[in-house]
């Protein structure tokens, strides 16, 4: 059974204080690891897909990395508008859709 | 290009009532799915479809039915609403296996 665990559950940062969010996973036959951002009252918004260990992707202040057991979402010099819940999901072998972690709620204080 | 459209956005039901949550996508995606999101539980898969005429159960299917008569539409039916079905429901679609899923804005359902 595919599983995703995200930590921490919540993170409070000062503006400009860099940090990382963790996503640990177990999956049979990884076909993709996905990061999403979710704002209150909205649906998840796609950020990145990573397919193999060692892969990295960047978008503005966000950088996602992948190993065989976990992924990190690094946030460099965050701003208040980066405040959101960040979700990690995996796609394993077979037809079942994405399996999600419970998310990390990030608050960036000015 | 509207993406994934869910209706209604909000709904209040009485216990025992039935209703259908609508989901439509205009991206010609084969894969569609329904999730529910509850505080502290994350997104949990209810049902999914890999193409028109094909559906399967996810992690929490009890009390829900789906059908997929067209590529565009994937309605979720609550047969007899229960307070435990109070949740936010999200519909998602994706082009294929291993590709990113696009989500609708959600339906907030309250069962009293």
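Chains as they are written, first to last, in the working numbering: chain A, 3 to 112; chain B, 1172 to 1283. The beta carbon of each residue, even a glycine, is placed where N, CA and C say it ideally should be. On a predicted model such as this, the values are computed, not experimentally measured, just so you know.
Range of the contiguous beta strand (DSSP E) that encloses residue i
i	result
residue 1213 of chain B	1213-1222
residue 1235 of chain B	1235-1237
residue 1203 of chain B	1202-1209
residue 1282 of chain B	1278-1282
residue 1173 of chain B	Where residue 1173 of chain B is concerned, there is no enclosing beta strand (DSSP E), given that its DSSP letter is neither H nor E.
residue 15 of chain A	12-16
residue 108 of chain A	106-111
Supposed close pair residue i, residue j - CB separation, criterion 8 Å
i	j	result
residue 1246 of chain B	residue 1192 of chain B	7 Å
residue 24 of chain A	residue 5 of chain A	So it is not a contact: roughly 14 Å between Cβ atoms.
residue 1284 of chain B	residue 1273 of chain B	There is simply no residue 1284 of chain B to check, as chain B begins at 1172 and stops at 1283 in what is shown.
residue 61 of chain A	residue 49 of chain A	6 Å
residue 1263 of chain B	residue 1186 of chain B	Not confirmed; about 28 Å, so no contact.
residue 70 of chain A	residue 55 of chain A	5 Å
residue 33 of chain A	residue 1213 of chain B	Not quite, the Cβ-Cβ distance comes to about 20 Å (not below 8 Å), so this is no contact.
residue 1271 of chain B	residue 36 of chain A	6 Å
Chain-order list of residues whose beta-carbon lies under 8 Å from that of residue i (same chain, five-residue window excluded)
i	result
residue 1220 of chain B	1202, 1203, 1204, 1226, 1227, 1237, 1239, 1245
residue 13 of chain A	21, 23, 106, 107, 108, 109
residue 46 of chain A	38, 39, 40, 89
residue 82 of chain A	17, 110, 111, 112
DSSP-derived helix/strand/coil call for residue i
i	result
residue 83 of chain A	helix
residue 1255 of chain B	helix
residue 1231 of chain B	coil
residue 1198 of chain B	coil
residue 34 of chain A	strand
residue 60 of chain A	strand
residue 55 of chain A	coil
residue 101 of chain A	strand
Beta-carbon contacts of residue i that lie in its chain and below 6 Å, excluding the five residues immediately before and after
i	result
residue 1248 of chain B	1191, 1236
residue 27 of chain A	6, 92
residue 87 of chain A	40, 105, 107
residue 67 of chain A	58, 74
residue 1195 of chain B	1176, 1243, 1244
residue 78 of chain A	20, 63
residue 16 of chain A	111
Sequence-distant residues of the same chain with beta carbon closer than 7 Å to residue i, five excluded per side
i	result
residue 1215 of chain B	1206, 1207, 1230, 1231
residue 29 of chain A	4, 92, 94
residue 1179 of chain B	1278
residue 1267 of chain B	1201, 1202
residue 1258 of chain B	1207, 1208, 1209, 1280
residue 1223 of chain B	1239, 1240, 1241, 1242
The stretch 1250-1265 of chain B: positions lying closer than 8 Å to chain A by Cβ:
1261, 1263, 1265
When Cβ atoms are compared, which residues of the stretch 31-43 of chain A fall closer than 7 Å to chain B?
33, 34, 36
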